[in-house]
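Enquirer:
Chains as they are written, first to last, in this note's numbering: chain A, 3 to 570; chain B, 3 to 570.
1. With DSSP as the reference, label residue 38(A) as helix, strand or coil.
2. Between the stretch 420-433 of chain B and the stretch 388-406 of chain B, can you find at least three pairs of beta-carbon atoms closer than 8 Å?
3. Would DSSP call residue 462(B) helix, strand or coil?
4. Between the alpha carbons of residue 20(A) and residue 449(A), how many angstroms are there, rounded?
5. Measure from the alpha carbon of residue 591(A) to the alpha carbon of each residue in 440(A), 313(A), 488(A), then state which is nearest.
6. Please state whether DSSP places residue 288(B) in a helix, a strand or coil.
7. Against chain B, with Cβ distances strictly below 8 Å, would residue 342(A) count as a contact?
8. Taking only beta carbons into account, state which residues of the stretch 472-498 of chain B come closer than 7 Å to chain A, listed in chain order.
9. If you run the structure through DSSP and keep just helix, strand and coil, what is residue 151(A)?
10. Counting pairs of Cβ atoms below 8 Å between the stretch 303-313 of chain A and the stretch 229-242 of chain A, do you hit three or more?
11. Using CA atoms only, rank isn't needed, just tell me which of 261(B), 512(B), 251(B), 36(B) is closest to residue 558(B).
12. Below 8 Å on the Cβ atoms is my guess for residue 281(A) versus residue 122(A); work out the distance and round it to an integer in Å.
13. Which residue spans inside the stretch 243-316 of chain A form an unbroken beta strand (DSSP E) run of at least 3?
14. Name the chain B residues whose beta carbon is nearer than 7 Å to that of residue 366(A)?
15. Select from 150(A), 370(A), 441(A) the residue whose C-alpha is nearest the C-alpha of residue 342(A).
16. Give the residues of chain A in contact with residue 64(B), contact being defined as C-beta atoms less than 8 Å apart.
17. Strictly below 9 Å CB to CB, what residues from chain B border residue 457(A)?
18. Under the three-state reduction of DSSP, which class applies to residue 588(B): helix, strand or coil?
19. Taking beta-carbon pairs under 8 Å, can you tell me which members of the stretch 221-241 of chain B lie near chain A?
20. Among the residues of its own chain, which have a CB less than 7 Å from the CB of residue 548(A), if the five just before and after it don't count?
21. In this structure, how does DSSP classify residue 231(B) when only helix, strand and coil are distinguished?
22. Evaluate the contact criterion for the stretch 147-162 of chain A versus the stretch 248-257 of chain A: three or more CB pairs, one atom per stretch, below 8 Å.
23. If you run the structure through DSSP and keep just helix, strand and coil, what is residue 118(B)?
24. Kindly indicate which three-state DSSP category residue 489(B) falls into: helix, strand or coil?
25. So residue 175(A) packs on residue 208(A), CB below 8 Å; how close in whole Å?
26. Looking at residue 213(B): is its Cβ nearer than 8 Å to the Cβ of residue 457(B)?
27. With DSSP as the reference, identify every bridge partner of residue 565(A), one or two as the case may be.
28. Just the C-alpha distance for residue 283(A) and residue 78(A), rounded to the nearest angstrom, thanks.
29. Per DSSP, what are the beta-bridge partners of residue 367(B) in this structure?
30. Could you compute how far the alpha carbon of residue 36(B) sits from the alpha carbon of residue 83(B)?
31. With residue 33(A) and residue 93(A) assumed to form a contact (beta carbons below 8 Å), what rounded beta-carbon distance in angstroms separates them?
32. So, residue 180(A) versus residue 195(A), is the Cβ gap smaller than 8 Å?
33. Would residue 375(B) count as contacting chain D if we go by Cβ distances under 8 Å?
34. Can you name the residues that DSSP bridges to residue 378(B)?
35. Got a sec? Which residues, its chain only, sit under 6 Å from residue 222(A) by beta carbon, not counting five neighbours each side?
36. Going by beta-carbon coordinates alone, are residue 145(A) and residue 452(A) separated by less than 8 Å?
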């Protein structure tokens, strides 16, 4: 990668801590990091990834834990514990998928809200709810030879944590997703005192969120969004509909506050938002007066102007409540011309077209849309900008910095930023998933690079989808499928008649007429194999191969070719 | 649609002009508009569309001209002429595809650069180069009973025009893509005098670009970008690489100016940019000193710091020169650590992931990337913002406004803007492709809504791709294909054995074992048809249908099911 640092004195166990990301570098999502010391492995986060458009028919993907499984099986290492930074899917969503594959008992620690969300997930998968709650006011957590301090930071979900991780070799600051919001809506501020304590003890390496590093200045506070909500609710003569990230409880509270001031009842619509609201309410995080909340079946008892609806689906997901409402396919909720839909969210890269389509569909109903493309203060990012990161560097003063949770361009932005803060070229470490880094008391060294792959999961079946399946789908999607059905005599392995050609999803014309030509080629390729067929798979392979080549030669098209052999 | 205006006195031929968009509303691209008066049809623009991620394996798509063809064939109407506004693909790219389908002789008029680009396209398709050049200083063009004034506006391609179209019923202002750049780099300013003249004569309806209406203020001028280029070229110790929209000649000139000041030679890389540069040079639009341009084979004779390369592929297109260079697959050009890649472009919606991947790939080579995500003044939009549109409304003072060339949300933004400028709810007309509007001397009326569809073209074959092909591909992409191969006796139409099941691109496990169950169902469905088979297609249909239903019932999966019947 960017630079290979070869130190004079090699850094090696037992005087080293090795760090590796099995997910979370380059592609933002499916965060999973290992810290290894002697035979001990500490895992930080266990998230899922969201598929992009090239991952056809895939619902989610996971970090590749092959390396971790091998450490356990062949190297006699053991997992001493897992820490979860915050309750977003790309940090906790992988737990129910991966835990059963690890076959080990170890404690999992998380802040109250994170622990609760993760345990809910485990429950859904009929797994024991084993995540232990650590309150920020609790003391440090000992995990094998590691000690972790939970440090509250501000982010877009309650109880987000960074971890100060002490090891016998040196101290690490695992600075997962954060921004420095000095006026958070819930009043729960970043624990600067703990950050300063970590800094005083000394930080060998800061692993840090880098997602917002292309933005100058400081990320704005959540403060004031409630005023925007209130102003618009006053003006709106119909239903007020907000779609946002379900886990952003502060955002829900801001809108609820505005609803209560303007005399609107509140209804939660859609599985994810109902669930989070319920959990947040039980934990006392959701501030809602008695009588404010109404169920979806009670909506008919109120005038549109008396309602605030929180609806799941800000990313234009198929089948989400917001998409169904926009398409007039929702049983209880119809859009009217007086209604207003506010997107209190931004567009996650890859969802641009889906969100744009959703917004256009709503507009066409004559319903106004706010947020997203137009002015209005309805959303701020939960990630820091350059100013936040400069401040973090200034407070922590780490020896080294390793940006995580961003794409490569974010890492490069971070490196440029660090340079301006006085960090040398080799002080900021840019690596990819699978690159092992060995940290010693005074330096670091590049280790092996492990191959990591995407592990695809199909939500319908809940099963892993093999890579070749996704590759096949790509091919099918682009140029369709051509079935070449050939009758072959078992006695001598030769074609009986011209093969039948069936094409679907292919735009190539004249394929059927091509059968005669194809027959000639197949006959030629089979002729040097004139003997009783003992290996049908091989015959099938030859016919498939020949068909593929000839179709490409003749039509410049590469459909998925499926040879079907009929034994005669 | 938004509002249906039913006027007391119906507006109808011959005292009306009908306007219809066959493409260009809602989806920005493939612009094609008709103005009909009596038996005369005037066409404005004839563009292609760029496929989005749901149009699998499609290279481009076209406006649907079925309605136009029917007007000619069944209603005895004739095309009196075609006007082209400017040289972007979504305004001229459809000409070589659609012209041969119209089977009529009519003149096509365009400004010098637009005409030249379009004729080049026709030449590539071995069609006669029939587009006539109209210089802005030329007088009005008479086209049947229409008269068109070519009005120069500023946009991101030379010689962009708006049209003032006089008809016996009233005057229209066809305000295609523009912004008011008061200091364009080529010095060719918007012809405000002609706009004012049109306004004085009176404009019944302004058809106007609305793509930038979500942005406040005025769009910035191109002015000053050359300074950014110059500053960065001075600092850069390696190759300076710019990727931009090929047709943006002003942008090329700005960078060439900077290259000549900083002692760099200029090389054009990639088919599209080479072609535009050549045309622009021949027409005297490209300002490049003798000796500045070098061929790709001469690059080796210069130090990297002596070079500026213009490379095609700013949208991360597969197989573009920029993508091949980033992936180290380009023969002549390799990226070095001292090189700098500047994206002098923005990201066209839908290309976010491709551009992000391209930028990351470049970063990983250690090559710096500027533009796109980070600060630096390397690109400005060619479309107007709210300020530009307010100015246009103020100058033209049309009775009605009909926003074109934007998605529905842009139209809604425009309508809001127009409201602030004093236009009533019914004065701004928001319609979809295919909606016929009848304009009379003093009003307008909604006509029929024609069905328009996307016409897909596969670039490899140059042929149209039928809708069911794209639908099949969608299905294939999502859940793969399952082939159910059944041996059926011709004598009684019954199954001989359990069907063989072959699946590809499907993540459903256990399909093979499902064969026995499936057989039972098929046997049941076939049993009431126990007779000699005379209609094999029907048998095939029954088997396919049963398989599809049973696979869904059992696995909740909807692959493309292909029944293959073997007659025994």
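Backbone N, C-alpha and C define an ideal beta-carbon position, used for all residues, glycine too.
This one's a predicted model, so the numbers in the text were calculated from it and none came from an experiment.
Expert: With the given structure in hand:
1. Counting from one through the first chain, the residue named residue 38(A) turns up at place 36. The answer is strand: DSSP assigns residue 38(A) an E or B state.
2. yes
3. Position 460 of the second chain, counted from the start, is the residue given in the question as residue 462(B). Note that residue 462(B) scores 49 on pLDDT, short of 50, meaning its location in the model is unreliable; the coordinates nonetheless yield the value given after this. Coil at residue 462(B), not helix or strand.
4. To locate residue 20(A), count along the first chain from 1; it is residue 18. To locate residue 449(A), count along the first chain from 1; it is residue 447. Taking the straight line from one Cα to the other gives about 8 Å.
5. Chain A is shown only over 3 to 570; residue 591(A) falls outside these bounds and no answer can be derived.
6. In the second chain, counting from the first residue as 1, residue 288(B) sits at position 286. Correct three-state label for residue 288(B): coil.
7. Here residue 342(A) is taken as the residue at index 340 of the first chain, counted from 1. False, the Cβ-Cβ gap to chain B never drops below 8 Å.
8. 474, 475, 478, 479, 480, 481, 482, 483, 485, 487
9. Numbered from 1 along the first chain, position 149 holds the residue referred to as residue 151(A). Residue 151(A): strand per DSSP, three-state reduction.
10. yes
11. Looking up residue 558(B) in the second chain gives position 556. Out of 261(B), 512(B), 251(B), 36(B), 512(B) has the C-alpha closest to the C-alpha of residue 558(B).
12. Position 279 of the first chain, counted from the start, is the residue given in the question as residue 281(A). Position 120 of the first chain, counted from the start, is the residue given in the question as residue 122(A). Between residue 122(A) and residue 281(A) the Cβ distance is about 7 Å, and since that is below 8 Å, they are a contact.
13. 267-271, 309-313
14. Counting from one through the first chain, the residue named residue 366(A) turns up at place 364. Residues of chain B passing the Cβ test: 410.
15. What you label residue 342(A) is simply residue 340 of the first chain in a count that begins at 1. Checking every option, the nearest Cα to that of residue 342(A) belongs to 370(A).
16. Here residue 64(B) corresponds to residue number 62 of the second chain, with the count starting at 1. The premise fails here: residue 64(B) is roughly 14 Å from chain A at the closest Cβ pair, so nothing lies under 8 Å.
17. In the first chain, counting from the first residue as 1, residue 457(A) sits at position 455. Correct list: empty, because the minimum Cβ distance to chain B is about 12 Å.
18. Residue 588(B) lies beyond the residue range present for chain B, which begins at 3 and ends at 570; the question has no answer from this structure.
19. none
20. Within the first chain, numbered from 1, the residue matching residue 548(A) stands at position 546. So the qualifying residues of the chain are 523, 524, 527.
21. Looking up residue 231(B) in the second chain gives position 229. Residue 231(B) falls in the helix class under three-state DSSP.
22. yes
23. Residue 118(B) sits at position 116 when you count from the first residue of the second chain. Here residue 118(B) sits in helix by DSSP.
24. As a working note, residue 489(B) is residue 487 in the second chain. Looking at residue 489(B) - three-state DSSP - the assignment turns out to be strand.
25. One-based indexing of the first chain puts residue 175(A) at position 173. One-based indexing of the first chain puts residue 208(A) at position 206. Residue 175(A) to residue 208(A), Cβ: 5 Å. Contact.
26. Residue numbering aside, residue 213(B) sits at position 211 when the second chain is read from its first letter. Residue numbering aside, residue 457(B) sits at position 455 when the second chain is read from its first letter. Not closer than 8 Å, so no.
27. Taking the first chain and counting its residues from 1, the one referred to as residue 565(A) is at position 563. Residue 565(A) pairs with 486(A).
28. Locating residue 283(A) in the first chain gives position 281, where the first residue counts as 1. Locating residue 78(A) in the first chain gives position 76, where the first residue counts as 1. One C-alpha to the other measures close to 44 Å.
29. By one-based count along the second chain, residue 367(B) stands at place 365. None; residue 367(B) has no bridge partner.
30. As a working mapping, residue 36(B) is identified with position 34 in the second chain. As a working mapping, residue 83(B) is identified with position 81 in the second chain. So the two alpha carbons sit approximately 10 Å from each other.
31. Stepping through the first chain from its first residue, residue 33(A) is reached at position 31. Stepping through the first chain from its first residue, residue 93(A) is reached at position 91. Sure, about 5 Å apart at Cβ, within 8 Å.
32. The residue you call residue 180(A) lines up with position 178 of the first chain. The residue you call residue 195(A) lines up with position 193 of the first chain. Cβ atoms of residue 180(A) and residue 195(A): not closer than 8 Å.
33. Here the protein chains are A and B, and chain D is not one of them.
34. One-based indexing of the second chain puts residue 378(B) at position 376. In DSSP, residue 378(B) forms no bridge with anything.
35. Here residue 222(A) is taken as the residue at index 220 of the first chain, counted from 1. Taken in chain order, the residues that qualify are 382.
36. Residue mapping note: residue 145(A) aligns to position 143 of the first chain, counting from 1. Residue mapping note: residue 452(A) aligns to position 450 of the first chain, counting from 1. No.
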